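Numbering follows our numbering, in which position 196 of the sequence shown is assigned residue number 200; successive positions increment by one, without gaps.
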Amino acid sequence: RTKKIKTPGDIASLVQDGKNFIKDIQKDRRALESEKRKLEQDLQSLDGLESQLQEAIQKDWQNIEKKYNLSKGGNLQLAKLLLGKEVGNKLDAGLEVYQYLTQSFKRKVKKAKKKIIKRQKLDPPVEFPLKLKQPDFILENMDFSFWWKNLKLKGKGRNISSDPEVYGKPGRIEGKYKKNKYWEEGDFGILLDKKQGKDLDSLTIKIKGLNISDISTPLGIQIQKALVNLQGKITVTEGLKLDGKLVCSFDQVKFNKSSQKDELVEMLMESLIDTSFFRAEILVGGTLKEPYFKIQSDLDFKMGESLQKKLKSQNQKFLTLLKGEFKKKTHSSLQDVLGEKKNLFSLKDRMVQE
């Protein structure tokens with residue numbers, strides 16, 4: 005090309021072409037650097053998105069695992085499932101007896117009468133409220149015997165008053181109920197303590213040899229028969245709040261299963277087949293109108309580790325299947341992000357080579 009240069013103008017044109025070429029290269033380099041910076045930003049954004057997605061997937065799985073996994077300690081509370089309905093019925097019946105006996109002796113509350121004494125016709129009347137300082141009746145000692153809902157109650161009472169707050173001495177009702185179709189013979193006692201502003205009643209109960217049979221449960225297992233002994237105390241405080249504990253034992257227990265085939269019922273029956281005796285504690289709370297109770301029992305422990313191992317094994321299989329389905333549903337979202345990252349890295353490599 006230099007041989008063809010004949011004039012100074014041709015040389016000047018060549019120099020200008022070189023300058024323009026350098027400018028184009030610099031411009032392309034700036035554009036390339038800009039694209040590289042944008043590419044780095046896109047990669048950082050994808051890194052952040054991948055991290056957030058991984059964290060969200062992990063958190064979702066932890067929530068699912070927590071929901072479907074067994075509770076720590078494996079507390080199955082089988083006694084509550086097996087006995088809850090029967091305990092609730094008997095508790096309601098016992099509280100009805102308490103209310104019937106205590107309400108029978110209470111005064112019907114009436115407003116205090118006022119006596120008006122007129123000193124003179126022109127004077128305004130002066131009112132003197134008459135305070136009831138003495139109870140309507142006091143029974144220092146009494147015997148009672150009567151039927152209540154097919155249940156014969158018999159016993160003694162001491163210091164029973166229509167107004168225990170005024171009388172001041174704690175009242176006591178103690179007695180027995182006789183054997184009938186539903187109940188065996190047992191003892192009961194009620195303490196009414198209203199002295200010095202106290203508002204406390206205590207109901208003590210002792211049941212010997214209560215036969216229960218054919219008790220259906222939500223688990224599909226039936227208590228075919230059992231002999232129950234129970235004793236404890238429930239207090240009724242101000243506001244009719246309940247607080248108490250009943251201790252009971254179940255002897256000569258025989259379980260039976262429903263005809264419907266169920267794997268869980270089969271596992272439970274395997275663990276219960278040799279159980280003929282267990283204990284339970286019934287913790288009572290709530291109010292007289294809305295009582296509630298909790299049952300703590302050694303039944304779970306008596307079943308041993310066999311049921312726990314079987315349940316854990318079954319639960320682990322379920323979680324494994326669930327995790328597989330979970331991965332399938334989250335895999336596509338994660339793969340989209342990873343695929344985009346791969347494309348950007350490939351583009352980055354080509355830009356470096358250029």
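For glycine and all other residues, C-beta sits at the position ideal for the given N, C-alpha and C. Given the structure is predicted, the values throughout are model-derived calculations rather than measurements.
- Residue nearest to P139 within the set K156, E169 and M146 is E169 (criterion: CA-CA distance).
- By the CB criterion at 8 angstroms, K180 and G159 fall inside the cutoff.
- Under DSSP, the beta-bridge partners assigned to E285 are V251 and Q300.
- By the neighbour-count definition (other C-beta atoms within 10 Å, threshold 16), S55 is an exposed residue.
- Contact between the segment 249-261 and the segment 226-236 is present, with at least three C-beta pairs closer than 8 angstroms.
- Scanning V251, V240 and E267 for the CA closest to the CA of F282 turns up V251.
- For Q228, the three-state secondary structure derived from DSSP is strand.
- Here L204 has D197, T239 and T241 as same chain residues with Cβ atoms under 7 angstroms from its own Cβ, once five neighbours each way along the sequence are excluded.
- Residue Q235 holds the alpha-carbon nearest to the alpha-carbon of G98 among S220, I219 and Q235.
- Check the Cα spacing between S275 and each of T291, L303 and G289: the tightest is with L303.
- The criterion of a C-beta distance shorter than 8 angstroms is satisfied by L287 and K249.
- The residues N233 and R283, in chain order, have a CB closer than 6 angstroms to that of S253 in the same chain once the five nearest residues on each side in sequence are set aside.
- Here DSSP, grouped into helix, strand and coil, assigns T324 to helix.
- Following the DSSP letters along the chain, one finds E144 inside the beta strand (DSSP E) bounded by residues I142 to W152.
- Spanning the alpha carbons of R176 and K210 requires a straight line of approximately 16 angstroms.
- Bounds of the alpha helix (DSSP H) holding E169 are P168 to Y171.
- In the DSSP assignment, T208 falls within the beta strand (DSSP E) that extends over L204 to S220.
- CA-CA distance, I225 to S149, rounds to 40 angstroms.
- In this structure, K245 keeps its C-beta atom at 8 angstroms or more from the C-beta atom of T208.
- Going by DSSP, G243 is part of no beta strand (DSSP E) at all; its letter is neither H nor E.
- For I177, the enclosing beta strand (DSSP E) covers residues G175 to Y181.
- Here L95 has I286, V288, P295 and F297 as same chain residues with Cβ atoms under 8 angstroms from its own Cβ, once five neighbours each way along the sequence are excluded.
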